[in-house]
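Peer 1: The sequence shown begins at 31 in this note's numbering and counts up one residue at a time.
Every residue, glycine too, gets a C-beta built ideally from N, C-alpha and C.
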Amino acid sequence: MKTVDSYIGSRFLQGFALIIVILAALFSFLELVSQLDDVGRGNYELKDALFFIGLTLPRRLLDLMPISTLLGSIVALGLLADHGELLAMQAGGMSVRRICLSVLASGTLLIISTGMLAEMVVPPMDQLARTRRAMALSSSGVTLTQQGFWARRGFSYIHVGKTLSGGVATDVDIFESDEKGRLRVFTYAREADIQDNRRWLLKDITQKNITDQSITTRHMESLTLDSFLSSDQVDILELPAISMSSFDLHRYVRALRGSGQNADRYALALWRKLSVPLTTGAMILLSLPFIFGSTRRTTAGRRIMLGAFVGIALYFIDQVTMHLGLLLSLNPIITAMTPVVLIAGIALWRLRRNL
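1) Buried or exposed for Asp78, going by 16 or more other Cβ atoms inside 10 Å?
2) Which residue wins for smallest C-alpha separation from Ala55, given the options Arg71, Tyr37 and Gly84?
3) DSSP three-state call for Ala29: helix, strand or coil?
4) Please report the straight-line C-alpha distance between Leu378 and Arg162, rounded to a whole angstrom.
5) Taking C-alpha atoms, which residue in Arg248, Asp234 and Lys233 lies nearest to Ile240?
6) Specify, as a first and last residue, the run of the alpha helix (DSSP H) that Gln44 falls within.
7) Does the Cβ of Lys32 have 16 or more other Cβ atoms within 10 Å, making it buried, or fewer, making it exposed?
8) Nearest to Gly108 by alpha carbon, out of Val133, Ala121 and Gly123?
9) If contact is defined by three or more beta carbon pairs under 8 Å, each pair taking one atom from either stretch, is the region 63-80 in contact with the region 280-300?
10) Measure the C-alpha to C-alpha separation of Thr325 and Ala111 and round it to an integer number of angstroms.
11) For Gln65, count neighbouring C-beta atoms within 10 Å of its own C-beta (all shown protein chains included) and say buried if the count is 16 or more, exposed if not.
12) Which word fits Arg333, buried or exposed, when buried means at least 16 other C-beta atoms lie within 10 angstroms of its C-beta?
13) Any contact of the region 365-377 with the region 297-306, i.e. 3+ C-beta pairs under 8 Å?
14) When you compare only the Cα positions, how much space is there between Val143 and Ser36?
15) If you count every other CB in all the chains shown that lies within 10 Å of the CB of Ser244, and 16 or more means buried, which is it?
16) Should Val51 be labelled buried (16 or more other beta-carbon atoms within 10 Å of its own) or exposed?
17) Looking at the unbroken beta strand (DSSP E) that takes in Gly191, where does it start and where does it end?
18) Out of Thr99, Leu232, Ser58 and Leu354, which has the shortest C-alpha to C-alpha gap to Asp294?
19) State the beta-bridge partners of Arg248 as determined by DSSP.
20) Any idea what DSSP makes of Ala293, helix, strand or coil?
21) Quick check: what's the CA-CA separation for Ser276 versus Met124?
22) Which of the three DSSP states, helix, strand or coil, is assigned to Tyr218?
23) Could you give the DSSP three-state label for Arg212: helix, strand or coil?
24) What did DSSP end up calling Val126 once you bin it into helix, strand or coil?
25) Within its chain, find whatever has a CB closer than 7 Å to the CB of Pro307; leave out the 5 residues flanking it on each side and keep chain order.
26) Might you give, ordered along the chain, the residues of its own chain that have their beta carbon closer than 7 Å to the beta carbon of Leu253, omitting 5 neighbours on each side?
27) Which partner residues of Asp203 appear in the DSSP bridge assignment?
28) If you run the structure through DSSP and keep just helix, strand and coil, what is Leu360?
29) Just the Cα atoms here: how many angstroms apart are Phe315 and Cys130?
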């Protein structure tokens, strides 16, 4: 029986690999076409676009994991059904429940891989991709590093750890020197709001004034400065929530809430990131009724088309749920987990009805 379990698992993983390779190639090509619009802008060349496509591949794989799992399982199990192999397994004493458990056991590997991809691979590679792209697109007045970016204005320098979507910067250091290059004022702000009029509202500030005789320190709640960057440069340097790890998102959500700001957008991004492995598992469960349910006698092509339609419909439901959650200020956990519960509920209902 273990041999049969291994066979089912290997066919399931082969089906998944086939689908995700096809979809990843398609969406990578579309992303390349989009990046070609920026080739020739600044120092951005074709090789930079190709490098960007390669570094953002893990993010596309993560986005495609749920739908690839659904379609891959339908393809793999559908072929086994069409070739009479599932029927032979049942004739040999293997129950439908046992076959389903074999598929789910193999899917555990994908669920774990999805979690590792989301936390350990996507954030650093996506940040590196965006940093390299920004370096090629931005003017020479900005220097980017793995720890953020530097900009200069007159005798002043600014270092920003991260710029997040929504016009928020974190870990801002400002160094102000005199004409002889001696540091006179150092300002640190935990975060800054980049406002529409290109002014930065610094928050939670520690400022040190340095003279030849002493150093004085003072703390301020807020301070407004003229922006060191143009609006185009800010747009280029912004780091979207998908490029942040769950730990960074959690820390940032706590910081926003601690300062009395609305953190729903980032809290939802955090819980959506955590829900991806669960969604992948729910998609495996959803694929089983396509083989053992009322569609068992349909052709492989129709099963795949129906699976693709269901996957697209669930994607739109997920997007609508996300936007409604933000619009109505619903609990981020409920908003993120509703599609997962919906998928799992439909799958279990179909299985109980048709098996």
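Peer 2: Let's see:
1) buried
2) Gly84
3) Lying before the first or after the last residue shown, residue 29 is absent from the chain, which here runs from 31 to 385.
4) 45 Å
5) With distances taken between Cα atoms, Ile240 lies closest to Arg248.
6) Lys32 to Leu66
7) When all chains shown are included, Lys32 counts as exposed.
8) Val133
9) The answer is no - the region 63-80 does not touch the region 280-300, with fewer than three Cβ pairs under 8 Å.
10) With a pLDDT of 48 at Thr325, under the threshold of 50, the modelled position of that residue is not reliable, and no figure is offered here.
11) buried
12) Classification of Arg333: buried, given that the 10 Å Cβ count is 16 or more.
13) yes
14) The question names Val, yet the displayed sequence has Ser at residue 143. Cα-Cα distance, rounded: 18 Å.
15) Here Ser244 is exposed. Its C-beta has fewer than 16 other C-beta atoms within 10 Å.
16) Classification of Val51: exposed, given that the 10 Å Cβ count is below 16.
17) Ser186 to Leu194
18) Leu354
19) Gln237
20) coil
21) Roughly 41 Å separates the two Cα atoms.
22) strand
23) coil
24) helix
25) Ile141, Thr144 and Gly145
26) Leu232 and Ile235
27) His189 and Tyr218
28) coil
29) For the record, residue 315 in the displayed sequence is Leu; it is not Phe. Cα to Cα, Leu315 sits roughly 8 Å from Cys130.
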